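J.: Under the working numbering, residues 1 to 58 are what the sequence shown spells out, in order. Beta carbons are placed, not taken as given, at the ideal position from N, Cα and C, and that holds for glycine. This one's a predicted model, so the numbers in the text were calculated from it and none came from an experiment.
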Amino acid sequence: MDGFQPLNFESRKLITKVDDLDWKMITAADFNGDGKDDILWRNSRTGENAVWFMDGLT
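1) Compute the beta-carbon to beta-carbon distance between Gly-24 and Asp-30, rounded to the nearest angstrom, for a pair I have assumed lies under 8 Å.
2) Going by DSSP, name the residue or residues bridged to Thr-27.
3) Using C-beta distances below 6 Å, list every residue in its chain close to Leu-64, excluding the 5 sequence neighbours before and after it, in chain order.
4) Ignore the nearest five residues each way along the sequence and tell me which others in Met-54's own chain have a CB closer than 7 Å to its CB.
5) Using a Cβ-Cβ cut-off of 6 Å (strictly less than) and excluding sequence neighbours within five positions of Arg-45, which residues of its own chain qualify?
Written out as C-alpha cells, the structure is:
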C-alpha cells in the first residue's frame, strides 16, 4: 500500500487484494458521508490506516 494517503478523500486507489497479513479490518462506517458503509483497515505492524470506499454490496 505504498503511497496510499489514508483518510484523504482526494487520493483514491483501486485495491484488488491484500497480500500483507498484517492488515486487519477494524470497522465499517460511513467515512465519506455518502450513506454507504466503508471499511477501515489497520496494519498492526506499521500502525498505518487505510479506508476502502464502498459503493454497493460487493
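T.: According to the data block:
1) Your numbering for residue 24 matches position 24 in the sequence shown. Your numbering for residue 30 matches position 30 in the sequence shown. Correcting the residue type first, residue 24 is Lys in the shown sequence and not Gly. Not confirmed; about 20 Å, so no contact.
2) Translated into the one-based positions of the sequence shown, residue 27 becomes position 27. Answer is Leu-40.
3) Any property of residue 64 remains undetermined from this structure, which presents the chain solely from 1 to 58.
4) For this step, residue 54 is matched to residue 54 along the sequence shown. Around Met-54: Lys-36, Asp-37, Asp-38 and Ile-39.
5) The residue labelled residue 45 in the question sits at position 45 within the sequence shown. Around Arg-45: Asp-22.
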